[in-house]
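Colleague: The structure follows.
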Amino acid sequence: MSDPDKPAMSREELDRLFNTPQGMVHDKTPAAPAPSSPSSPPEPAGQGGRHRSDHHSPPRPSSPTRGDLHQVTSDLTIDETLLLHSIDWEPVDMVIGASVAAIPTMGFAGAGWAGATDQSAQAFTSAVASAVARIRDDCSAAGGVGVIGVDVDFQVHRHTVQAVLVGTAVRPAGGGRGGHPFVSDLTVRDFLLLHNAGWEPLGLAFGASFVQVPYRTIGTVFKQVTANTEMTNLTEAMYQAREQGMERLQSSAIGMGAQGVVAVQYSDRPLPFASHVIGFTSWGTAIRLSGESHRYVKPRMVVAMDDAGDLFDLQGAMGTKE
Amino acid sequence: MAFTSGAGTGGQAGPPIDLPEAAGRRLAAKSFSSALSVADFAACLHMGMRPVGLVQGFCAMGWNPGYYLPSQTNYGNQWQGGYGTSWSGWGNVLDNYYCPHSIIASAEHPSRGYNIEATGIEATWAEGYNATYRRMLEEAEALGAHGVIGVTDATKPLIGPRVREFHLLGTAVVMDGQPAPDRVWSTYLAGSKLGKLFEAGLAPVSVVGAFAAVTVLPVCVTEIQENGRWDTYGVVSPYGEIGQLSDAQTSARRLVRDHIKSTLDGGALHGADLRVSEDSLVGRTTISAVLRGTKVRRVRDAEPLPQPVPTVRLS
Amino acid sequence: MTDTSNERPPLPTDLPKDAGRRLKELENGLFTSDLSVNEFLLIKEVGFHPVGFVMGSSIYHIGLQTRKWGSSQELEKLTAAMYNARELAMNRMEEEATELGADGVVGVRLDVNYYEWGNDAAEFIAVGTAVKAENGASYRNKLGKPFTSDLSGQDFWTLMQTGHVPQGLVMGTCVYHIAHRGLGQAISSIGQNQELPNFTQALYEARELAMTRMQDEAERLEATGIVGVRLEEKTHQWGSHTIEFLSLGTAVVKTSDEVTLPRPTTIISLDG
Chain D
388 MSDPDKPAMS REELDRLFNT PQGMVHDKTP AAPAPSSPSS PPEPAGQGGR
438 HRSDHHSPPR PSSPTRGDLH QVTSDLTIDE TLLLHSIDWE PVDMVIGASV
488 AAIPTMGFAG AGWAGATDQS AQAFTSAVAS AVARIRDDCS AAGGVGVIGV
538 DVDFQVHRHT VQAVLVGTAV RPAGGGRGGH PFVSDLTVRD FLLLHNAGWE
588 PLGLAFGASF VQVPYRTIGT VFKQVTANTE MTNLTEAMYQ AREQGMERLQ
638 SSAIGMGAQG VVAVQYSDRP LPFASHVIGF TSWGTAIRLS GESHRYVKPR
688 MVVAMDDAGD LFDLQGAMGT KE
Chain G
1091 MAFTSGAGTG GQAGPPIDLP EAAGRRLAAK SFSSALSVAD FAACLHMGMR
1141 PVGLVQGFCA MGWNPGYYLP SQTNYGNQWQ GGYGTSWSGW GNVLDNYYCP
1191 HSIIASAEHP SRGYNIEATG IEATWAEGYN ATYRRMLEEA EALGAHGVIG
1241 VTDATKPLIG PRVREFHLLG TAVVMDGQPA PDRVWSTYLA GSKLGKLFEA
1291 GLAPVSVVGA FAAVTVLPVC VTEIQENGRW DTYGVVSPYG EIGQLSDAQT
1341 SARRLVRDHI KSTLDGGALH GADLRVSEDS LVGRTTISAV LRGTKVRRVR
1391 DAEPLPQPVP TVRLS
Chain B
8 MTDTSNERPP LPTDLPKDAG RRLKELENGL FTSDLSVNEF LLIKEVGFHP
58 VGFVMGSSIY HIGLQTRKWG SSQELEKLTA AMYNARELAM NRMEEEATEL
108 GADGVVGVRL DVNYYEWGND AAEFIAVGTA VKAENGASYR NKLGKPFTSD
158 LSGQDFWTLM QTGHVPQGLV MGTCVYHIAH RGLGQAISSI GQNQELPNFT
208 QALYEARELA MTRMQDEAER LEATGIVGVR LEEKTHQWGS HTIEFLSLGT
258 AVVKTSDEVT LPRPTTIISL DG
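As you go down the protein sequences, you meet chains D, G and B in turn.
So for the first sequence, our numbering puts the first residue at 388; every next one is plus one.
So for the second sequence, our numbering puts the first residue at 1091; every next one is plus one.
So for the third sequence, our numbering puts the first residue at 8; every next one is plus one.
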């Protein structure tokens, strides 16, 4: 790896890769029993290739520890797979949790009913909590110790809010502790960097709040037509709601015993059914020190010759020019 | 000049009969074409792979999910009836939901709800994808290729929603000096990404795709919550989770994962790409999920990569 | 074929006068280009120097061709129009590059613009940066013209490391009319979920035709192959049943067996 003159992979190695009959490499280990087949009948929804799959003897899984990819479905990129391997972790499966919660409109019918905004925030929180619980169950069932790279997708419909989490269950190669799996939207790269710096993810911190923006009275509108003046009541309402959303995010992180929240994302948009109601949602990964203290990464400075942002990919593709 | 071997095999064998006539002429040409970017092309040569031609498969399928629907007469009652409802051709019942109120069922107050896997349309999808995949592979074989890299999948509605086109496009490659594999392998990856896959000790087997669809026939409480109404019987909280919809959203995604697993034969799926869409099918919400990726197999133990050098860009 | 005499040949007649004046100004050493600084440095790295920004344009009236409602067919007249118009724009760009004594044009972009003032007319434009080898060797293609390619500076650098040289931007196009489904067909197959062989055949054929034509162009340049093929589908202004399939790529020729790509270093970027 460190020898700059050595090609990425010798011809011989490649020859071997492509011409080793399947099943020869891992002959030392007996075939492990297949995991229990999916509960649904195997519908022919799959891909082509099966029309000739009889050319191949059934493959044997490799050693049950490192590198066992038996039936793994992973949405990681190859870079992410390699990075995960470099800290001796492995992907286990793609895991899923989705939840839909109701937001009734009636609560907003009478202007100024503060209760409704609170309960809508609760609906949001309950959708997230349930989606997290489902993805956690899926992760435990797959044998992972945590889920990373979670794609967090919120959709607010007219009467419902939907939270969908899709991520990759991972574990240290060959198993790892059981217990309560963590759920994190960190990418593998971020996970690795944090891991090397001595931190571990705990879970998804989440906060939502809703605010009903006060209507301005005719008198106020009239007075403000020509003046440059802060619309203090609006400022106050929006400011207050943002603070509340962030506060809920923080308290959910504190509830997990976190020392910090990284990569907080933030969205604010009016609800589709009530333009005067703004929903604030924020989420991020709660983390805590796993070692005694923070370990420093000393980065090297580089000047990139590509115009694209994705340095890792491009370096791989083009090589660095000394 | 070595880029000629595609012509020999392609010319002699001729294209398989279900490929269009122009395909034969194109595949017999002396020069290759490739959809690879230059970076991928370079990495591909570096790995000892020689592009021999662009290969594609295509199939247009009639697409009418409602075709499999059980008789639509007496709509409400039949679905609510439970016993005797014929789901054959339409799908499997994944979950049942019951009315929590002690009142008599009616068309306005469905006492049973179902989440149904629409197996009929799933089979249609599989047929289209398989035909497309097979044709792409036939083109690759006509070129004497060993593998197809950088496959792209452009499956979309064609001229309205009733027709769906399946289209796969990739670059066929030959590994000079190597015997042809038993069957042509294929992958969505190309270039350095493919190189890194080999470095990870994995080899591509084939591109795979799967499709799952779940239709929601809502029970009364689902309808109430979904439409933002209050439960006049006071049984369900208007702010709570809508169990039936949560289950449907979750199971559509898990089903497509299970479907793809059933095609893996013990291999692994790399680089899974999940796309979910929701539409109204005969007036009922249907959640469709498509999952794609490259089926890979392990050919040697993975040696962990040395830790990469952390860098900060000076620009 | 390459012009070596000191006497300037007259400007090709189909270039506007201003083009001549603009190109003449560039002879004193100034260059213009739409290359980024990175691309500029990489092009210098492989021994080329940008000589000027070049373009070609053609406003073309696209004729009419009747389509049979119920049958799938290629619309040859429209295919020819789309093809000729692009060819004209490309030729003019090449002529500008020739004026500058360039060896080739990189970063070529081909665009089609429609304007409100012209029904059935479209402007076809080709723009790119002309480059010239610094060591005086000729990199012109087999037809004695400057090569053209849609490669970026980075791609150009990478391609040169693999022992390949671009020969020309090659394209193939096919305008195809897809049959509406007839009444009888509609009744028998609507609502069924099965393959529609007529559609499959028509669209498959159209794409293959476009790709075959592109390949024919590459063969004319005696290229070893085409890299970076893109297959585009456009309906332009013809309605949803008439589609142009356009395939575009850069034809390359192999000049050396040596692949001089250095071994990449694995890095992890902290840039976010």
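Here a beta-carbon is modelled for each residue, glycine too, at the ideal position from N, C-alpha and C.
Small disclaimer: the values here were computed from a predicted structure and weren't measured.
Of the choices G:Thr1340, G:Ala1293, G:Ser1282, G:Tyr1323, whose alpha-carbon is the least far from that of G:Ala1303?
Modeller: Of G:Thr1340, G:Ala1293, G:Ser1282, G:Tyr1323, the residue nearest in Cα terms is G:Thr1340.
Colleague: Between which two residues does the beta strand (DSSP E) containing D:Ser596 stretch?
Modeller: 586-599
Colleague: Since I believe B:Val138 is in contact with B:Asp110 (beta carbons under 8 Å), could you give me their beta-carbon distance rounded to a whole number of angstroms?
Modeller: Separation of the CB atoms of B:Asp110 and B:Val138 is rounded to 6 Å, and the pair is thereby assigned contact status at 8 Å.
Colleague: Determine whether the Cβ of B:Ser156 lies closer than 7 Å to any Cβ atom of chain G.
Modeller: It does not; no Cβ of chain G falls within 7 Å.
Colleague: Suppose contacts are defined by Cβ-Cβ distances below 7 Å. Is D:Val553 in contact with G:Ala1358 by that definition?
Modeller: The answer is no: Cβ separation not under 7 Å.
Colleague: Identify whether B:Leu117 lies in helix, strand or coil by the three-state DSSP scheme.
Modeller: strand
Colleague: Report the option in G:Pro1398, G:Val1386, G:Ile1377 whose CA atom is closest to the CA atom of G:Pro1155.
Modeller: G:Ile1377
Colleague: For G:Cys1310, report the span of its alpha helix (DSSP H) as first-last.
Modeller: Element bounds for G:Cys1310: 1310-1316.
Colleague: Given a threshold of 16 other Cβ atoms within 10 Å of its Cβ, counted over all protein chains shown, does B:Pro153 qualify as buried or as exposed?
Modeller: buried
Colleague: Could you give the residue range of the alpha helix (DSSP H) that holds D:Phe578?
Modeller: 575-583
Colleague: What's the call for B:Lys4, buried or exposed, on a 16-neighbour Cβ count within 10 Å?
Modeller: Past the edges of chain B, shown from 8 to 279, lies residue 4 of chain B, and the structure says nothing about it.
Colleague: Is it buried or exposed, D:Arg523, if we count other Cβ atoms within 10 angstroms and call 16 or more buried?
Modeller: D:Arg523 counts as buried, since at least 16 other C-beta atoms from the protein chains shown sit within 10 angstroms of its C-beta.
Colleague: Select from the stretch 571-582 of chain D all residues with a C-beta closer than 9 Å to any C-beta belonging to chain C, and list them in chain order.
Modeller: Among the protein chains of the structure shown, namely D, G and B, there is no chain C.
Colleague: Can you tell which of G:Arg1365, G:Gln1334, G:Ala1221, G:Val1399 has its C-alpha closest to the C-alpha of G:Arg1202?
Modeller: G:Gln1334
Colleague: Using a Cβ-Cβ distance under 7 Å, would G:Thr1245 count as near chain B?
Modeller: no
Colleague: Over what stretch of residues does the beta strand (DSSP E) that includes G:Cys1189 continue unbroken?
Modeller: Unbroken run through G:Cys1189: none, as it is neither H nor E.
Colleague: Should B:Val53 and B:Trp164 be called a contact, given that it needs their Cβ atoms to be closer than 7 Å?
Modeller: Going by C-beta atoms, B:Val53 is nearer than 7 Å to B:Trp164.
Colleague: Starting from the N-terminal side, write out each stretch of the alpha helix (DSSP H) that is 4 residues or longer and does not extend beyond the stretch 20-72 of chain B.
Modeller: 24-32, 44-52
Colleague: Between D:Trp586 and the ligand GDP, is there a pair consisting of the residue's CB and a ligand heavy atom that are separated by less than 6 Å?
Modeller: In terms of ligand content, the structure shown is empty, and the ligand GDP therefore cannot be addressed.
Colleague: For a test of the three-state rule: what should DSSP assign to G:Tyr1323, helix, strand or coil?
Modeller: coil
Colleague: For the stretch 97-169 of chain B, which segments carrying the alpha helix (DSSP H) assignment without a break, of at least 4 residues, lie completely within its bounds, in sequence order?
Modeller: 160-168
Colleague: Classify B:Gln161: buried if its beta carbon has 16 or more other beta carbons within 10 angstroms, exposed otherwise.
Modeller: Buried, because 16 or more other Cβ atoms sit within 10 Å of the Cβ of B:Gln161.
Colleague: Whole angstroms is fine: what's the gap from G:Leu1248's alpha carbon to B:Leu216's?
Modeller: 19 Å
Colleague: If you follow the beta strand (DSSP E) that D:Thr464 is in, where does it begin and where does it stop?
Modeller: First-last for D:Thr464: undefined, no H or E at that position.
Colleague: So which of B:Glu251, B:Lys84, B:Tyr146 has the shortest CA-CA distance to B:Met218?
Modeller: B:Glu251
Colleague: So if I threshold CB-CB distances at 9 Å, which residues from the stretch 1312-1335 of chain G count as touching chain D?
Modeller: Close to chain D, meaning a Cβ-Cβ distance shorter than 9 Å, are the following residues of the stretch 1312-1335 of chain G: Ile1314, Gln1315, Glu1316, Asn1317, Gly1318, Arg1319, Trp1320, Val1326, Ser1327, Pro1328, Tyr1329, Gly1330, Glu1331, Ile1332, Gly1333, Gln1334, Leu1335.
Colleague: The stretch 676-689 of chain D: which residues have C-beta closer than 9 Å to a C-beta of chain B, in chain order?
Modeller: Val684, Pro686, Arg687, Val689
Colleague: Report the residues of the stretch 207-219 of chain B with a CB closer than 8 Å to any CB of chain G, ordered along the chain.
Modeller: Thr207, Gln208, Leu210, Tyr211, Glu212, Arg214, Glu215, Leu216, Met218, Thr219
Colleague: Pull up the CB-CB distance for B:Val236 and G:Ser1123, whole angstroms please, since I reckon it's below 8 Å.
Modeller: 5 Å
Colleague: When you compare the stretch 1264-1271 of chain G with the stretch 1140-1152 of chain G, are there three or more beta-carbon pairs, one atom per stretch, that lie closer than 8 Å?
Modeller: yes
Colleague: Give me the Cβ distance between G:Gly1260 and G:Gly1240, rounded to the nearest whole Å; I'm assuming they're in contact under 8 Å.
Modeller: 6 Å
Colleague: If you reduce the DSSP assignment to three classes, tell me which class D:Val690 lands in.
Modeller: If DSSP states are grouped into helix, strand and coil, D:Val690 belongs with coil.
Colleague: Among all the DSSP beta bridges, which residues are the ones paired with G:Pro1131?
Modeller: This sequence places Phe at residue 1131 of chain G; Pro is not what is there. Bridge partners of G:Phe1131: none, in fact.
Colleague: Using a Cβ-Cβ cut-off of 6 Å (strictly less than) and excluding sequence neighbours within five positions of D:Glu467, which residues of its own chain qualify?
Modeller: Val575
Colleague: Use the C-beta contact count for D:Ala421: other C-beta atoms within 10 angstroms, 16 or more gives buried, fewer gives exposed.
Modeller: Here D:Ala421 scores only 36 on pLDDT, less than 50, and its place in the model should not be relied on; the value that follows carries that caveat. Under this definition D:Ala421 is an exposed residue.
Colleague: Check the C-beta distance from G:Val1068 over to G:Ala1300 and give it rounded, since I have them as a contact under 8 Å.
Modeller: The structure shown does not extend to residue 1068 of chain G, since chain G spans only 1091 to 1405, so no value can be given for it.
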